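**Q** If you count by UniProt numbering, then the sequence shown holds residues 1 to 829, one letter each, in order. Note that the Cβ used here is the ideal one computed from N, Cα and C, for glycine as well. Computed from a predicted model, the values in this text were never measured in an experiment. Mind looking over this structure? Questions follow.
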Amino acid sequence: MNEHEGHHEAASYDVQAVEAKWQPVWEKLDPFRADDAAVASGERPKYYALTMFPYPSGDLHMGHAEVMALHDVIARYRRMQGYEVLNPMGWDSFGLNAENAAIKRNEHPATFTYANIEVQYESFKRYATAFDWSRRLHTSDPEYYHWTQWLFLKFRERGLAYRKLSPVNWCPQDQTVLANEQVVDGRCERCGAEVTKRELTQWYFKITEYADRLLADMEPLAERWPDRVVHSQVNWIGRSEGAHVAFEVEGRDKALTVYTTRPDTLFGATFMVVAADAHLAGELVTDEQRPAYEAYLEEVRKASEIERMATDRPKTGVFLGVHATNPVTGQRIPVWAADYVLADYGTGAIMAVPGQDQRDYDFAKAFDLPIVRTVQPPEGWEGEAYTGAGPAINSANEDISLDGLEVAEAKRVTIDWLTAQGLGSGAVNYRLRDWLLSRQRFWGAPIPIIHCPSCGEVPVPEDQLPVVLPELKGADLKPKGVSPLAAAEDWVNVDCPSCGGPAKRDSDTMDTFVDSSWYFLRFCSPGATDGPFDPAQVRMWGPVDQYVGGVEHAVLHLLYARFFTKVLHDMGMLDFTEPFQALLGQGVVVNQGKKMSKSLGNGVNLGEQLDKFGVDAVRLTLVFASPPEDNIDWADVSPAGSLRFLQRAWRLSGDVTSEPGADAGAGDVGLRKVTHRTVHDAAELLENHRFNVVVARTMELVNATRKAIDSGCGPADPAVREATETVAILLSLVAPYTAEEMWERLGHQPSVAQVAWPTVDESLLVEDTVTAIVQVQGKVKARLEVAPDVSDADLEAAAMADPDVVRAIDGREVRRVIVRAPKLVNIVV
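Here's what the structure looks like:
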């Protein structure tokens, strides 16, 4: 075929027709089905590639398109390397979007959910994702949430699931409680409504019992997880070392214990502060002060937790009418209630040291309370509270003196003294709180507990699982401050499994993050009926080798999945303690510098882009735009340019005239060197997730191949076939339709996705010559082709003999010659 014919064919390249052609072929071939037997027999090593599964709120969007394109590069590459790749997909299908849609449409949430799943499923297939669809799952299937409920009961047996009355985050719009992790800047992470506080009896997972392990096990992950995710996890767990200190309080038999990270500042504790909404404040307040306290409490409850913790917020509070005794000074100090202390931190009370804590300082100034500095600030210090290091001052009594000691030593001495006196002890505290998992909504896994007036909390017997949701819809689903399930009398009223008397089911459902905390294990054996998964299959496939998804899950999902994995390990069901060995977090797709939004008019519809440019062009654009972790601005990229490149690559496959299997060794050496260097470098780039550079190198190979054809090498040269086949293999990672079409035109059977990664001939990587730059007075005057192993002396001699260099020196004295063989000579005259 001549060049003119190739261009003519390019004009008739119909991306839509090509997509329609290959989809049924791939469906029949099922090239990405993972073979358990191949791994079990040792025929091929396993590789578990996983991307965070989506919520079926509608069709796929640009964010899905990016993460799936990036993930596909990894899964396809590992398969070509000879791994048996497990690459499953399912849907995180419980949740409020479906429930809210069902209320509007007067239908069951399942109707909305499963319709959207089918829409997304068809879009996934069109997008040519390399998933093993035989392992598909939906977390809202009874076959799945049967085991979510089973796991809840097992956690409860281990003392890790419990119920308690406590202040909780309440979303007034979604009418449900939220875990601390689901409150962002004082607002509901899902709907954006301002979160308030309520007192409710709720179910919790005791994740704090695993705080130390969750923290310690981050260290080995640090090299394979993004830094910002590691830091988010560490900061959220928030381990701090300090002391519990006991303060005697007037009219109270039991001492009031506070936690402090700075026991060395105890001599500067001039008052105490109790969280206004803690039970303790209501217990301590005197009758005389109660009206003022209750009025203040009403105001506090209107503020979000984030607002209360803001350092620039004016300090407010109310005196509770009682005093405590500072255990080291013996002084009576007033006890106040304020909003800048939180009820669930430590004991809900603090010793206030205004000299060393800015918020305590601001409070002391607002209410004219004493300020005693206990750490010497540096000379010239003009600040308010001093929080830095320095020797202790004003910190001595007849039994103990800290004066002159640095902070660390003063802490140790104070803790030893408190322990000896029975007034306190060393302690570790965490920012992490137990995971609140109850939700007052319908579309979730029911909590498998029955409440009996005689027997109390009774677990649903395992042979009665799953507890299936009733057929509520429309108005029956409207939030009422309690779960809609509470009004489903036929469902909620049951006989107690223990005594047979009348009882009621727990009407709350579980947080959907419970579902996604173990889904990656179910994928290993999705049809398991004897448990949530087959432990032998999970031992074979797990843990996940590469996880891909957004860093917005830096705390929520990743922390919960790590917790579940550790508990299941302790139960003897897993032989690993971390679920995800490596994590790749992608950026987001924006437009015109801003997040896509209908109101801003900058939304980009994925379906329209696919229709206009084709799947391959969109995928290639997303991969080529930037490194995976960076954001992509759709206004700055060109899917039209990507399509033109793909057509140039496709045209090569029509120009090749040598037969399949032709001996490439007899072909053009220059082109073969470019081909093998490209393959060699691509492997290293892929290992380091530099996918955009791999695309750039593939483009260079296309150009080199076209140049070789046009400059006399000719389409019959076997080196042209080798280069073009290499282009098809590389493109199969990002543009599978084009790659498959090329592979067929080159005379091969489908699928190119099943071929092995090309073997590199190391001899072709050796460079015959290297270009050495010669500078005179910092300006380039010559370029010399020299051997890669040229000596400094020979390179200097060649440079000094070059006519252009001789003219540049022009008889002047050479004062210095700097040689960096084989690439640089710098001559100073």
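Between which two residues does the beta strand (DSSP E) carrying Leu86 extend?
**A** Stepping through the sequence shown from its first residue, residue 86 is reached at position 86. Taken as a continuous stretch (DSSP letters only), the beta strand (DSSP E) holding Leu86 covers 84–86.
**Q** Pro453 to Val460, Cα distance in whole Å?
**A** If you number the sequence shown from 1, residue 453 lands on position 453. If you number the sequence shown from 1, residue 460 lands on position 460. Approximately 15 Å, taken between the alpha carbons.
**Q** Cα separation between residue 835 and Trp518?
**A** Look at the range of the chain in this structure, 1 to 829, and you will see that residue 835 is not part of it.
**Q** Could you name the residues of the same chain whose beta carbon sits closer than 6 Å to that of Tyr547, not counting the 5 residues immediately before and after it, in chain order?
**A** Start at 1 with the first residue of the sequence shown, and residue 547 comes out as number 547. Cβ neighbours of Tyr547 beyond the five flanking positions: Leu50, Phe580, Leu583.
**Q** Nearest to Thr509 by alpha carbon, out of Glu122, Leu485, Ser525, Pro497?
**A** For this step, residue 509 is matched to residue 509 along the sequence shown. Per the Cα distances, Leu485.
**Q** Which of the three DSSP states, helix, strand or coil, is assigned to Tyr386?
**A** The sequence position of residue 386 within the sequence shown is 386, counting from 1. Here Tyr386 sits in coil by DSSP.
**Q** Between which two residues does the alpha helix (DSSP H) carrying Trp236 extend?
**A** Indexing the sequence shown from 1 puts residue 236 at position 236. It spans 227–237 - the alpha helix (DSSP H) in which Trp236 sits, taken as one unbroken run.
**Q** Shortest alpha-carbon distance to Leu610 belongs to which of Val85, Leu29, Arg126?
**A** Taking the first residue of the sequence shown as position 1, residue 610 is located at position 610. Nearest of Val85, Leu29, Arg126 to Leu610, Cα basis: Arg126.
**Q** Using three-state DSSP, classify Leu256 as helix, strand or coil.
**A** As a first step, residue 256 is located in the sequence shown; it is residue number 256 there, counting from the start. Note: Leu256 maps to strand in three-state DSSP.
**Q** Can you give me the Cβ contacts of Val828 inside the same chain, cut-off strictly under 6 Å, excluding the 5 residues immediately before and after it?
**A** For this step, residue 828 is matched to residue 828 along the sequence shown. So the list reads Arg815, Arg816, once near-sequence residues are dropped.
**Q** I need the DSSP call for Pro448, collapsed to helix, strand or coil.
**A** Locating residue 448 in the sequence shown gives position 448, where the first residue counts as 1. Note: Pro448 maps to coil in three-state DSSP.
**Q** Cβ of Ala281 within 8 Å of Cβ of Ala337?
**A** For the purposes of this step, residue 281 is identified with residue 281 of the sequence shown, where counting begins at 1. For the purposes of this step, residue 337 is identified with residue 337 of the sequence shown, where counting begins at 1. A contact, by the Cβ cut-off of 8 Å.
**Q** I'd like to check one pair, Ala366 with Asp360: are the Cβ atoms closer than 8 Å?
**A** What you label residue 360 is simply residue 360 of the sequence shown in a count that begins at 1. What you label residue 366 is simply residue 366 of the sequence shown in a count that begins at 1. No.
**Q** Under the three-state reduction of DSSP, which class applies to Ile632: helix, strand or coil?
**A** The residue given as residue 632 occupies position 632 in the sequence shown. Strand, per DSSP.
**Q** Are the region 227–242 and the region 411–428 touching by the rule of at least three beta carbon pairs closer than 8 Å?
**A** yes
**Q** Taking only the alpha-carbon atoms, compute the straight-line gap between Gly321 and Glu384 and give it to the nearest angstrom.
**A** Here residue 321 corresponds to residue number 321 of the sequence shown, with the count starting at 1. Here residue 384 corresponds to residue number 384 of the sequence shown, with the count starting at 1. Spanning the two alpha carbons is a distance of roughly 28 Å.
**Q** Near His4, what residues of its chain come up, given a Cβ to Cβ distance below 7 Å and the 5 sequence neighbours on each side ignored?
**A** Sequence index remark: in the sequence shown, residue 4 carries index 4 (1-based). In this predicted model, His4 has a pLDDT of only 37, less than 50, meaning its place in the structure is not dependable; the value taken from the coordinates is given anyway. Cβ within range, chain order: n/a, list empty.
**Q** Could you tell me the boundaries of the beta strand (DSSP E) in which Cys584 lies?
**A** Start at 1 with the first residue of the sequence shown, and residue 584 comes out as number 584. Checking the displayed sequence, the identity of residue 584 turns out to be Leu instead of Cys. From DSSP, the beta strand (DSSP E) with Leu584 extends over 583–586.
**Q** Select from Pro718, Met699, Lys254 the residue whose C-alpha is nearest the C-alpha of Gly670.
**A** Here the question's residue 670 lines up with position 670 in the sequence shown. Of the listed residues, the one whose Cα sits closest to Gly670 is Pro718.
**Q** Which residue marks the beginning of the beta strand (DSSP E) containing Met218, and which one marks its end?
**A** Position 218 of the sequence shown, counted from the start, is the residue given in the question as residue 218. It is not in any beta strand (DSSP E) - Met218 carries neither H nor E in the DSSP assignment.
**Q** Alpha carbon to alpha carbon, how far is His323 from Pro334? Give it in angstroms, no decimals.
**A** Taking the first residue of the sequence shown as 1, we reach residue 334 at position 334. Taking the first residue of the sequence shown as 1, we reach residue 323 at position 323. The alpha-carbon atoms of Pro334 and His323 are separated by roughly 4 Å.
**Q** Taking the alpha carbon of Arg136 as the point to measure from, which residue in Lys612, Ser401, Ser525, Val752 has its own alpha carbon closest?
**A** Along the sequence shown, read from residue 1 onward, the residue named residue 136 stands at position 136. When only C-alpha atoms are compared, the closest one is Ser525.
**Q** Check this for me: beta carbons of Leu436 and Ala179, under 8 Å apart or not?
**A** Against the sequence shown, residue 436 aligns to sequence position 436. Against the sequence shown, residue 179 aligns to sequence position 179. Taking 8 Å as the Cβ cut-off, Leu436 and Ala179 qualify as a contacting pair.
**Q** Assuming the contact rule is C-beta atoms closer than 8 Å, Pro758 and Val790 should be a hit. Round their C-beta distance to whole Å, please.
**A** Walking along the sequence shown from the start, residue 758 turns up at place 758. Walking along the sequence shown from the start, residue 790 turns up at place 790. The Cβ separation is near 31 Å, so there is no contact.
**Q** In chain order, what residues of the same chain have a beta carbon less than 6 Å from the beta carbon of His8, not counting five sequence neighbours either side?
**A** Here residue 8 is taken as the residue at index 8 of the sequence shown, counted from 1. Confidence in His8 is poor, its pLDDT being 39 and thus under 50, which makes the residue's placement unreliable; the coordinate value appears in the next sentence. For His8, where only same-chain residues beyond five positions count, there are no Cβ hits under 6 Å.
**Q** How about Arg373 and Gly268: are their beta carbons less than 8 Å apart?
**A** Walking along the sequence shown from the start, residue 373 turns up at place 373. Walking along the sequence shown from the start, residue 268 turns up at place 268. Contact flag set, yes.
**Q** Roughly how many angstroms lie between the CA atoms of Trp541 and His61, to the nearest whole one?
**A** Along the sequence shown, read from residue 1 onward, the residue named residue 541 stands at position 541. Along the sequence shown, read from residue 1 onward, the residue named residue 61 stands at position 61. Going by the C-alpha atoms only, they are around 30 Å apart.
**Q** Determine the extent of the beta strand (DSSP E) in which Phe124 is found, giving its start and end residues.
**A** One-based indexing of the sequence shown puts residue 124 at position 124. Unbroken run through Phe124 is the alpha helix (DSSP H), 109–126; no beta strand (DSSP E).
**Q** Which residue's Cα is closest to the Cα of Pro56: Ala115, Ala102, Leu477?
**A** Working through the sequence shown from its first residue, we reach residue 56 at position 56. It is Ala115.
**Q** Looking only at its chain, what residues have a beta carbon closer than 6 Å to the beta carbon of Thr257, apart from the 5 residues adjacent to it on each side?
**A** By 1-based counting over the sequence shown, the position of residue 257 is 257. Take Thr257, set aside five residues on each side of it, and the residues of its chain with a beta-carbon closer than 6 Å to its own are His244, Ala246, Thr347, in chain order.
**Q** If you draw a straight line from the alpha carbon of Ala704 to that of Ala739, how long is it in whole angstroms?
**A** Translated into positions along the sequence shown, residue 704 becomes position 704. Translated into positions along the sequence shown, residue 739 becomes position 739. The straight-line gap from Cα to Cα measures roughly 18 Å.
**Q** Let me know the secondary structure DSSP gives Phe564 once reduced to three states.
**A** Along the sequence shown, read from residue 1 onward, the residue named residue 564 stands at position 564. Reduced to three states, the DSSP call for Phe564 is helix.
**Q** Report the CB separation of Val693 from Ile632 in whole angstroms; it is logged as a contact under 8 Å.
**A** Here residue 693 is taken as the residue at index 693 of the sequence shown, counted from 1. Here residue 632 is taken as the residue at index 632 of the sequence shown, counted from 1. Their Cβ separation, rounded to whole angstroms, is 15 Å, which puts Val693 and Ile632 out of contact at 8 Å.
**Q** Following the continuous alpha helix (DSSP H) through Asn692, name the residue where it begins and the one where it ends.
**A** For the purposes of this step, residue 692 is identified with residue 692 of the sequence shown, where counting begins at 1. Run containing Asn692: 691–708, per the alpha helix (DSSP H) assignment.
**Q** With the cut-off set at 8 Å, would you say Leu214 and Phe563 are in Cβ contact?
**A** Taking the sequence shown and counting its residues from 1, the one referred to as residue 214 is at position 214. Taking the sequence shown and counting its residues from 1, the one referred to as residue 563 is at position 563. Yes; because the gap between Cβ atoms is below 8 Å, this pair is in contact.
**Q** Could you tell me the distance, in whole angstroms, from the CA atom of Asp530 to the CA atom of His138?
**A** Within the sequence shown, the letter at position 530 stands for residue 530. Within the sequence shown, the letter at position 138 stands for residue 138. Straight-line Cα distance between these residues: approximately 18 Å.
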